[in-house]
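> The structure is given below, and queries will be raised subsequently.
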Amino acid sequence: MSKIVPLISSGVAGPLGVLHLPRLWLKVSLEACGKLADGYPGIGHGYDMMTINAHGLKADAVASFIKSSRPTYAQFEAWIKSQPGVKLDKATVYKHNASIMGYIHDDATRKGILSANGIPDDGSVNTGAVDLNNLDDWFEFHQAELK
């Protein structure tokens, strides 16, 4: 069975406007099918939990819904809107999105991603985690599918 590197960026939002939510849906969906590339958690401790917690969701409920229903992305957002205590007001979404875009990896993570991609760590690359994670995903995809 082919494993898939999730190529939807954390910097992408769906109709609700929540950054990272499409990537979270993709990762958990791929995990449910046994197709998530090695090294990628369905729900990890970083952006995944930031997104879940910021919007008043429960990780086990998110995973259970996706695994049992295999929803389209639009169906996933509709389910989120129906959850008790969900927080989707503009202020919450804005604060969450700012935290996603403003997150900076530690030095070791940055150096590792840049080194794997053959890019010098000389300050010439945006150090935001979203951009570095994109580089990491693209490298992993290349290694798995294009090399």
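Residue numbering for the sequence shown follows this note's numbering, starting at 618 and increasing by one per position.
The beta-carbon is built from N, C-alpha and C at its ideal position, and this holds for glycine as well.
With C-beta atoms as the reference, is S627 less than 8 angstroms away from Y657?
Not a contact, by the Cβ cut-off of 8 angstroms.
> Within the 8 angstroms Cβ cut-off, does A680 reach chain C?
As a matter of chain content, chain C is missing from the structure shown, which is built from one protein chain.
> Rounding to the nearest angstrom, what Cα-Cα distance links L624 and G631 in this structure?
In a straight line, the C-alpha of L624 is about 15 angstroms away from that of G631.
> Do H672 and V629 have their C-beta atoms closer together than 8 angstroms?
Cβ atoms of H672 and V629: not closer than 8 angstroms.
> Restricting to Cα atoms, I'd like to know which of V742, L674 and K620 is closest to A649.
When each option's Cα is compared against that of A649, the closest is K620.
> Is it a yes or a no for the stretch 749-757 touching the stretch 688-708, going by three-plus beta-carbon pairs under 8 angstroms?
Too few Cβ pairs lie closer than 8 angstroms, so no.
> Using alpha carbons as the reference points, say which of M718, L643, N743 and V622 lies closest to A691.
Selected option, being the one with the closest Cα: L643.
> Work out the CA separation of I721 and T744 for me, nearest whole Å.
Looking at the two C-alpha atoms, the distance is approximately 6 angstroms.
> For A678 and D739, what's the separation of their Cα atoms in angstroms?
A678 and D739: Cα-Cα distance of roughly 43 angstroms.
> Do you know how far the Cα of T668 is from the Cα of K707?
Distance between the alpha carbons of K707 and T668 is about 14 angstroms.
> If you draw a straight line from the alpha carbon of L647 to that of I660, how long is it in whole angstroms?
Those two C-alpha atoms are separated by around 11 angstroms.
> Closer than 7 angstroms by C-beta to A794: which residues in its own chain qualify, once you throw out the five before and the five after it? Chain order, please.
Residue numbering for the chain in the displayed model covers 618 to 764; residue 794 lies beyond these limits and cannot be assessed.
> The alpha helix (DSSP H) spanning R640 covers which residue range?
Unbroken alpha helix (DSSP H) run through R640: L638 to A649.
> Alpha carbon to alpha carbon, how far is A654 from T709?
Near 31 angstroms, if we compare the C-alpha coordinates of T709 and A654.
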